[in-house]
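I have placed the structure first, in the form of structure tokens, so that the comments after it can refer back to it.
Here it is in structure tokens:
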């Protein structure tokens, strides 16, 4: 009789502990970047200054020829989550730390349609902490 009760209880305990066993999330590394373009209509371009980043997520060299500029930047990308990134209150030239995430939140803010050339690679940015103003 004890065996008939013991086995179902043991199976129930083993099954219940399986719900709490979750593999740890692998977070992206913290990077240091500079806001090099703070263009109209929430067009943001970040230059990665330091940190380990997958080269497929950045443009190795990009030339900004807008508004009379003729500047070439290395290791840049366009911010894809422009609504949430704008809430960080960064200015062009500010240096900050951040992480890249693969999950882009739905962007529900208004964005005007002024065309501003930006790098083709786009990334969502989280955990922004300003470390130096321009």
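In my numbering, the protein residues as written are 104 to 237.
Ideal Cβ placement from N, Cα and C applies to all residues, glycine included.
Here the structure is a predicted model, which means the values were calculated and not measured.
Provide the residue span of the beta strand (DSSP E) that contains residue 200, from first to last. Sequence index remark: in the chain shown, residue 200 carries index 97 (1-based). Counting along the chain, the beta strand (DSSP E) containing residue 200 begins and ends at 198-204.
Counting C-beta neighbours from all protein chains within 10 Å, is the total for residue 197 16 or more, i.e. buried, or is it exposed? As a working mapping, residue 197 is identified with position 94 in the chain shown. Classification of residue 197: buried, given that the 10 Å Cβ count is 16 or more.
Three or more C-beta pairs closer than 8 Å, one from the stretch 156-168 and one from the stretch 188-196: is that the case here? Touching, no.
Residue 184, buried or exposed, once every other Cβ within 10 Å from all chains shown has been counted against 16: Locating residue 184 in the chain shown gives position 81, counting from the first residue. Buried, by the Cβ-count rule.
Residue 150, buried or exposed, once every other Cβ within 10 Å from all chains shown has been counted against 16: The count along the chain shown starts at 1 and reaches residue 150 at position 47. So residue 150 counts as buried.
In whole angstroms, what is the alpha-carbon distance linking residue 201 and residue 232? Indexing the chain shown from 1 puts residue 201 at position 98. Indexing the chain shown from 1 puts residue 232 at position 129. So the alpha carbons of these two residues sit roughly 7 Å apart.
Best match in 211, 214, 135, 213 for proximity to residue 178 [C-alpha to C-alpha]: Taking the first residue of the chain shown as 1, we reach residue 178 at position 75. The candidate whose alpha carbon is nearest that of residue 178 is 135.
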